[in-house]
Each structure stands twice: as C-alpha cells, then as structure tokens.
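2 is the number of the first residue of the sequence shown in the numbering used here; add one for each residue after it. Shown next, in structure tokens, is the structure this report addresses.
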Amino acid sequence: MSSAASEDDLTEGERAGLELIRESGGIHQSDFWKNLDVSSRKGSRIVESLFEKGLIQRDETVYEGHNTYYLTPAARDLDFSLLMAGDQLSPFIGDEEVDPHDDTFSQWVMTLAYEG
Numbered sequence: 002m003s004s005a006a007s008e009d010d011l012t013e014g015e016r017a018g019l020e021l022i023r024e025s026g027g028i029h030q031s032d033f034w035k036n037l038d039v040s041s042r043k044g045s046r047i048v049e050s051l052f053e054k055g056l057i058q059r060d061e062t063v064y065e066g067h068n069t070y071y072l073t074p075a076a077r078d079l080d081f082s083l084l085m086a087g088d089q090l091s092p093f094i095g096d097e098e099v100d101p102h103d104d105t106f107s108q109w110v111m112t113l114a115y116e117g
C-alpha cells in the first residue's frame, strides 16, 4: 500500500500525530502524546496505527530514565532515477571537488538527452 493511499484513510488524531512527527523530524513517544494533548493510551494507539501503515519508524530507546520509542517519519517513496543517466549515477554525487574542465558532466547530460 502506498503512503498516499494510507494517508487518505487516517483519522483526525492520526493526521495530527503524523504531522507532529514529520514537523519535528522525530519525537519520543512519551512526548508525542503530551504534545498532541491525548492520553498515553490513545497516543500509543495512534503510534501503532501509523507504524502498521508504514508512515512512521519506531525505535526502542531510553529517555529520561524510561523505556520508550523514538518516532520518526518513514522514508517516502523517492525517485532516484532522476540521478541516473543509463547505468551512470550523476557524476557529482560523492565528489568533493569538481573539475570544471572535465567533460564527465557533459557526457552524463548527453546520455540523459539521448534516453529522453
């Protein structure tokens, strides 16, 4: 099931929870339900639902001396094909220095043009 399809079926509480996790970039579950102003039980249900739908990641951790989960947004469907020309990855990925006189980039762009 794609993320978009899953998000269409979210309850109001799940939408608010997902937005909180995405905006924060990550939050401890013990703070999650407090920020949503819901009970810990309801917060746990929201987290479980979002996790089962693949919308968030949940990692066990210790926070303020208590076992809890650290909640982060799940990686969205990313299209890495935009970095590719044939079987070549963009020549600038991972290079610390780019030689402006090298024609590697031009060749890569030409490969893109011929594929399109």
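Backbone N, C-alpha and C fix where the C-beta goes; we use that ideal spot for every residue, glycine too.
Practice prompt. Report the residue ranges of all alpha helix (DSSP H) runs contained in full by the region 24-84; include only those spanning at least 4 residues, in chain order.
Written response: With a minimum length of 4 residues, the continuous alpha helix (DSSP H) runs that stay inside the region 24-84 are 30-37, 41-53.
Worksheet item: Of all the options S50, M111, I22, G26, which has the alpha carbon lying nearest to the alpha carbon of L37?
Response: I22
Discussion item. Please classify S107 as buried or exposed, where buried requires at least 16 other C-beta atoms within 10 Å of its C-beta.
Written reply: exposed
Discussion item. For Q58, which residues in the same chain have their Cβ closer than 6 Å to its Cβ, ignoring the five residues on either side in sequence?
Written reply: T73, A75
Discussion item. For E8 and I28, what's the separation of their Cα atoms in angstroms?
Written reply: 20 Å
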